Amino acid sequence: MNKYKTYLWFLLLVFSASCKQASDLKAFTEAKYSLQEVQDVTLNGVDVMQKRGPNDFTTQEGDSLLASISDNKLQASTTLHLNVQLPEAGEDRSMEITKLRWQLLVDGEQTLQGVVNEPMHLREGLNELPIHTTVMMSEAEGIRNYEGLSKLMTLLAKREDLRKSLTLQIRPTVQTPVGAVEVPQFITVSKPAGTM
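Letter by letter, the sequence shown follows residues -22 to -1, 1 to 174 in mature numbering (1 follows the signal peptide of the UniProt record, and there is no 0).
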């Protein structure tokens, strides 16, 4: 009888934890995400935050970056400051992300994409997320989107506020008691207030 009670309590505990995690997953799926800051951007080990124009790159750096873009092997790392606003503020919720697919749109057109395969812990409020990913050009019917990449490069060269033209979308995979679950669709990360 005592074994039966222990087993019943265990099942009840697992069930309540599963319900909490399902509730947390729903809350994070419905949350509002805004990118507050991007720091320490490196491409193939080159600190691009210190570059202001094409002449700031050495010939070797330029060749390496161009070859990596052409081969879809460009390695990027950065730190994102992502603010998460849950629909029901005040409740202590968190989410363990095991994988994060992302895509960058230029003027609404999918241009770059990648996958972060490192675990991340997300909570309500400001999250500092170190990111390491391979950056690939988006493809449509097997053809790479060079036009979108060209638009992105033109925007960078103009040194204007990129946030008007760029949209970041994320699609996290979350660890649950029943295994990893990918959210059903991409979530648009908005710009911080007052950036337009």
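All C-beta atoms, glycine included, are put in the ideal place defined by N, C-alpha and C.
As the structure is a computational prediction, the values presented were derived from the model and not from experiment.
**Item:** Check whether G31 and T89 have beta carbons under 8 Å apart
**Value:** no
**Request:** Determine, using beta carbons only, whether D70 and K129 come nearer to each other than 8 Å.
**Result:** no
**Message:** Tell me the residue span of the alpha helix (DSSP H) that contains G40.
**Reply:** T37 to S48
**Prompt:** How about the region 98 to 115 and the region 42 to 54: do they share at least three Cβ pairs that are nearer than 8 Å?
**Reply:** Taking 8 Å as the limit for Cβ pairs, the verdict is that the region 42 to 54 does touch the region 98 to 115.
**Request:** Have a look at residue 175 and Y124 and give me their C-alpha separation to the nearest angstrom.
**Result:** The chain is shown from -22 up to 174; residue 175 falls before or after that span and cannot be answered.
**Item:** C-alpha distance - N33 paired with P155, whole-angstrom precision
**Value:** 52 Å
**Request:** May I have the straight-line CA-CA distance separating G91 from A67, to the nearest angstrom?
**Result:** In the sequence under discussion, the amino acid at residue 91 is Gln, which differs from the Gly named in the question. If I take the Cα positions, the gap works out to 31 Å.
**Request:** Run the CB neighbour count on L83, radius 10 Å, all protein chains shown included, and call it buried at 16 or more, exposed below.
**Result:** Buried, because 16 or more other Cβ atoms sit within 10 Å of the Cβ of L83.
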